[in-house]
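Residue numbers are given in the working numbering: position 132 of the sequence shown equals residue 125, and the series is strictly consecutive.
First comes the structure, then the notes that go with it.
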Amino acid sequence: MFKNLVDMHSHTEHSFDGHYPVDELVEVSVERGIKAVAFTDHIEMDFFREKGFDKTADESFDDILRAKKKYADKINICVGAELGQAMYNISEAEELINSKKYDIIIGSTHNLRGVDDFACLDYNNEYSDFDKLLKEYFYEEKLLAEWAKFDTFAHLTYPLRYIQGEYKKTVDISKYQKDIDEIFSLLAEKDKALEINTSGLRQLIGLTMPDVSFVKRFRELGGKYVTVGSDSHYTEHMGAGIPRGMEIAKECGFDSVLIFNQRKPIEIPIE
Ligand SMILES: [Zn+2]
Ligand SMILES: [Zn+2]
C-alpha cells in the first residue's frame, strides 16, 4: 500500500453530474488516508454561457477555496477545474483560467464539435462508424496538446469507455498510433503531465484511461510527468483505483506523480 496517496481528479455537487458537497468528500478522503485531493468540477467551454458553466465555475472555485482553508491542517486540497473542449472556445477558456488562482487545470475532450458527449452516442446506429469518430477525437486531442494551457491531459481514450466497454466493439487502436505518438511528444516537449484516470477500473472497460501500454509509450517518447485521478463523482469513489494508478506509473518508469499548487507542479514520490 502506498503512503503518498493523491487523487487529482474529482467532482463535487458543483458539477452537473456531481452529487456531494465538498466537505463530505474531503472528510471521506481524510479517513482514507489521501494526502492531497483536487476538486475539478466540469467547465464545458463549448457551452460556457449557454449552460451556465460561467456561474458554476465561480461557485465551485469559491467553495473549494473555502474548504482548502478549512481543512488545511488535515489534507492538501488543490482548487481545480476540468476544462472540457477548450479548443472550441479558446478565448473564453484562456480568460477563465487566468481569472482565478487555480491550483490545477485538467484538459479534457468529452465531445466532438457539435456532437453530444461520447457517453451519449449510439454506436450501433447513428454513430456505428466509430472509426471516423475516433479519427476526429485524436485530431482534437492533438490540438489540445498543442495548446497545452492545462496542467494534466485527461483520460486519453475516453470514447473507448463507451465504444469498447459498453458497446463491446472491437477497436483497432493501432490506426491512431501516429496521432497518439504526436500527442505524447507534444506533452513531453511542453513538460505537461499525462493523467492516469482510474475511473475505467470500476467500469465495464476495466482499464485505466489511458491503459498501461499508452503510459509506457508516453514514457518512451520522453514523457516526464503523470497524475493519477479517480474522477470520482461520489464519496465512495474518492481515491478509487489510485493505488493501481500509482503502480502503473511505477511500472512504466515514473518515480513520482504530480500535484499542483497555483499551477506549479510538485513531485510526490510513489511510495
Ligand atoms: Zn472528463
Ligand atoms: Zn471528470
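Where a beta carbon is used, it is the ideal one built from N, C-alpha and C, also for glycine.
Could you check if residue i belongs to the surroundings of ligand 1, using beta carbon to heavy atom distance under 8 angstroms?
i	result
residue 81	no
residue 147	yes
residue 53	no
residue 206	no
residue 77	yes
residue 155	no
residue 230	no
residue 328	This structure gives no information on residue 328, because the portion of the chain shown stretches from -6 to 264.
residue 151	yes
residue 7	no
residue 12	no
residue 101	yes
Which same chain residues, not among the five before or five after residue i, have their C-beta less than 6 angstroms away from its C-beta?
i	result
residue 122	none
residue 176	134, 135 and 138
residue -5	236 and 239
residue 105	129
residue 114	120
residue 50	36
residue 218	186 and 251
For residue i, does the three-state DSSP call read helix, strand or coil?
i	result
residue 216	coil
residue 79	helix
residue 3	strand
residue 191	helix
residue 138	helix
residue 131	helix
residue 17	helix
residue 260	strand
residue 32	strand
residue 211	helix
Quick one: what's got a C-beta closer than 8 angstroms to residue i's C-beta in the same chain, skipping five residues either side?
i	result
residue 32	3, 4, 5, 15, 18, 53, 57, 60, 70, 71, 72 and 73
residue 213	none
residue -2	25, 26, 27, 28, 232, 235, 236 and 239
residue 119	none
residue 199	158 and 193
residue 180	138, 141, 146, 186, 187, 211 and 216
residue 264	-5, -4 and -3
residue 0	22, 27, 29, 30, 31, 221, 222, 223, 225, 231, 232 and 235
With a threshold of 9 angstroms between beta carbons, is residue i in contact with chain C?
i	result
residue 59	Looking for chain C here will not work: only one protein chain is present.
Among the residues of its own chain, which have a CB less than 7 angstroms from the CB of residue i, if the five just before and after it don't count?
i	result
residue 238	189, 191, 201 and 221
residue 39	78, 81 and 82
residue 241	189, 201, 205 and 208
residue 203	149 and 150
residue 41	47, 82 and 85
residue 227	12 and 13
residue 260	249 and 251
residue 7	34, 49, 52, 53 and 56
Check your reading: residues with Cβ closer than 6 angstroms to ligand 2 heavy atoms: 2, 4, 75 and 224
At 4 residues or longer, what runs of the alpha helix (DSSP H) sit wholly inside the stretch 157 to 182? 170 to 182
My parser needs the alpha helix (DSSP H) runs of 4 or more residues fully inside the stretch 213 to 252; what are they? Complete alpha helix (DSSP H) runs here, min 4: 235 to 244.
Quick check for students: name the residue ranges of the alpha helix (DSSP H) that lie wholly in the stretch 35 to 123, counting only runs of 4 or more. Correct list: 46 to 63 and 83 to 92.
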